[in-house]
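K.L.:
Quick one: the structure is below, questions incoming.
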Amino acid sequence: MSSSASTQPVVHPAGTARLLWTVLATVAVLTLLAYLVAFDQGAVSRSGTYLHELMHDGRHLLGVPCH
Numbered sequence: 319m320s321s322s323a324s325t326q327p328v329v330h331p332a333g334t335a336r337l338l339w340t341v342l343a344t345v346a347v348l349t350l351l352a353y354l355v356a357f358d359q360g361a362v363s364r365s366g367t368y369l370h371e372l373m374h375d376g377r378h379l380l381g382v383p384c385h
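In the working numbering, the protein residues as written are 319 to 385.
If you want it as structure tokens, here you go:
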């Protein structure tokens, strides 16, 4: 009778770290985007009227009260 040992998949620490940083970067970008669209009101997006109007329209699209 042969004993069969269960084999665990090998997880490389570099792959796990890369996944962690990818998830953290994605969350950070989405948080910044949510702030710009929902709460900025022109404080950060003073680079021109186009960006301000784009964020303003995004607030209306998402139903966030803006005025």
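Glycine included, each C-beta is placed from N, C-alpha and C at the ideal position.
My output table needs one value for T325: the three-state DSSP class, helix, strand or coil.
P.N.:
As a working mapping, residue 325 is identified with position 7 in the sequence shown. Of the three classes helix, strand and coil, the one that applies to T325 here is coil, per DSSP.
K.L.:
If you measure between the beta carbons of R377 and A343, is that distance less than 9 Å?
P.N.:
Translated into positions along the sequence shown, residue 377 becomes position 59. Translated into positions along the sequence shown, residue 343 becomes position 25. Contact flag unset, no.
K.L.:
Rounded to whole angstroms, what's the CA-CA distance from V328 to H385? Just pull it up for me.
P.N.:
Here the question's residue 328 lines up with position 10 in the sequence shown. Here the question's residue 385 lines up with position 67 in the sequence shown. If you take the alpha carbons of V328 and H385, they lie about 54 Å apart.
K.L.:
In whole angstroms, give me the CA-to-CA distance for D375 and Q326.
P.N.:
Working through the sequence shown from its first residue, we reach residue 375 at position 57. Working through the sequence shown from its first residue, we reach residue 326 at position 8. Spanning the two alpha carbons is a distance of roughly 51 Å.
K.L.:
State the Cα-Cα distance for the pair E371 and L379, rounded to the nearest angstrom.
P.N.:
Working through the sequence shown from its first residue, we reach residue 371 at position 53. Working through the sequence shown from its first residue, we reach residue 379 at position 61. Cα-Cα distance, rounded: 12 Å.
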